[in-house]
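In what follows, a structure is listed as structure tokens, so that the remarks can point back to it.
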Amino acid sequence: MIKKSILGLGLFGIVGTGVVGIAHAVPDGAVAPIHLAAADTAETSTVSAIGVVQQTRPEQGKVKISHEAIPALDWPPMTMFFRVKDKAVLEGIAAGDKVRFELEKGATGLEITRMEKMAK
Ligand SMILES: [Cu+2]
């Protein structure tokens, strides 16, 4: 089952209106700098998702994941690159791992802040 948690309502209000659609229009490998017209409040919104790692590029701070649907973002299942907040997030993670990860809205868009392996 997909577990999701949303801390705060900010993400809904900001990316729930189609901004994430832009992220998904980006070709494989590219990371779009998405400007989110966020409020001044330094509110943190976190979304959890599950997927299977396809490729890690720690030196680029990126990871390719076939993720399950993410209802909180209105995303269907797909394979895509995500940016990680810190390459340490990818430590111990390899292609083929099933992972649960957390997405946060950073200065330039969504990025993965945490990732943990799940039992297969
Ligand atoms: Cu996606």
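The sequence shown begins at 0 in numbering that gives the first Met the number 0 and counts up one residue at a time.
All C-beta atoms in this analysis are idealised placements derived from N, C-alpha and C, irrespective of residue type, glycine included.
Check, Outcome
"Do V52 and I64 come within 8 Å of each other at the CB atom, strictly closer than that value?", "yes"
"Tell me whether E115 sits in a helix, a strand or coil according to DSSP, three-state version.", "strand"
"Give me the Cα-Cα distance between I49 and F100, rounded to the nearest whole angstrom.", "6 Å"
"Give the DSSP-derived three-state secondary structure of K84 in the structure shown.", "coil"
"Could you check where the beta strand (DSSP E) with A48 kicks off and where it finishes?", "T45 to R56"
"My guess is that L55 and A87 are in contact by the Cβ rule of under 8 Å, so how many angstroms apart are they, rounded?", "According to the sequence shown, residue 55 is Thr rather than Leu. Incorrect: roughly 12 Å between the Cβ atoms, too far for contact."
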